[in-house]
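One structure is given below, encoded as structure tokens.
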Amino acid sequence: MRSARLLIRPIASADIPAFVAYRREPEVARYQSWSTDYSAADARALVDGQPASGWPDAGEWVQLGLHLADGPTGLIGDVAVGADAEQPDTFELGVTLAPAHQGRGFAREALEAVLAELMDERGAHRVVMQGDARNAPVLALMRRLGLRHEGTILEGDWFKGEWTALERFALLDREWRVR
Numbered sequence: 232m233r234s235a236r237l238l239i240r241p242i243a244s245a246d247i248p249a250f251v252a253y254r255r256e257p258e259v260a261r262y263q264s265w266s267t268d269y270s271a272a273d274a275r276a277l278v279d280g281q282p283a284s285g286w287p288d289a290g291e292w293v294q295l296g297l298h299l300a301d302g303p304t305g306l307i308g309d310v311a312v313g314a315d316a317e318q319p320d321t322f323e324l325g326v327t328l329a330p331a332h333q334g335r336g337f338a339r340e341a342l343e344a345v346l347a348e349l350m351d352e353r354g355a356h357r358v359v360m361q362g363d364a365r366n367a368p369v370l371a372l373m374r375r376l377g378l379r380h381e382g383t384i385l386e387g388d389w390f391k392g393e394w395t396a397l398e399r400f401a402l403l404d405r406e407w408r409v410r
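When we follow the working numbering, the leftmost residue of the sequence shown carries the number 232, and every step to the right adds one.
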């Protein structure tokens, strides 16, 4: 998949060093499910466990690597795409960027491309995203993408040693079509 500035494809073995490097950054790991001790072995297990088709079936996840279309070819971030195990045509997205590439519109561009693929090509009915209520940049990103705020889950997530609140956003296929 391509966007104006990005080549988007499943993370591969060659991406592991860059993937591990930005996942170890404290400001990147802060609101994510991993910690700063994320290892090359963790990344290898993720790469080896990806669906062969490049897109997840029910209950699976794929990590799509983000590469600059022009210029250096290294991994600059990723978009996680999960297919809900219980609800058909329902997906969850997450995004992570290396610090040097944050604040330049790459996350929005990548998520727009993935949303278009899911909605227009893969028949998605619903796409959800959620973020820690303290992570203002990602909450603003979800709003800029046109996702609808569905609610706040107060102290609903025991996360890295404390109760945290999650903000949940979603987009239905019919909302996508009228944007």
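In this text, a Cβ means the ideal position worked out from N, Cα and C, and glycines have one as well.
Fair warning: this is a prediction, and the values are worked out from it, not measured in the lab.
For residue i, the three-state DSSP class (helix, strand or coil)
i	result
R236	coil
L372	helix
H332	helix
L403	strand
P257	helix
L306	strand
L277	helix
R365	coil
A283	coil
I242	coil
Spatially closest choice to residue i from the options, by CA coordinates
i	options	result
G308	F322, V326, D351, T321	V326
F390	D301, R261, L237	R261
G305	T321, R335, A371, F250	F250
Q361	S234, R374, R275, P287	R374
F337	G285, A300, V409, E323	A300
Distance between beta carbons of residue j and residue i, contact taken as under 8 Å
i	j	result
L349	A341	At roughly 13 Å, the Cβ-Cβ gap does not stay under 8 Å, so L349 and A341 are not in contact.
L397	A367	Actually they do not touch by this definition, with Cβ atoms about 14 Å apart.
G290	A314	7 Å
M232	A344	6 Å
G377	R399	With a Cβ gap of about 15 Å, G377 and R399 do not count as contacting.
A316	R357	Rounded, the Cβ-Cβ distance is 14 Å, inconsistent with contact.
| query | Are the region 241 to 250 and the region 288 to 301 touching, with three or more C-beta to C-beta distances below 8 Å? | reply | Touching, yes.
| Whole runs of the alpha helix (DSSP H) within the region 316 to 361, excluding any shorter than 4 residues | Correct list: 337 to 347.
| Are the region 318 to 334 and the region 251 to 259 in contact at 8 Å, needing three or more beta carbon pairs? | The region 318 to 334 makes contact with the region 251 to 259; the number of CB pairs closer than 8 Å reaches 3 or more.
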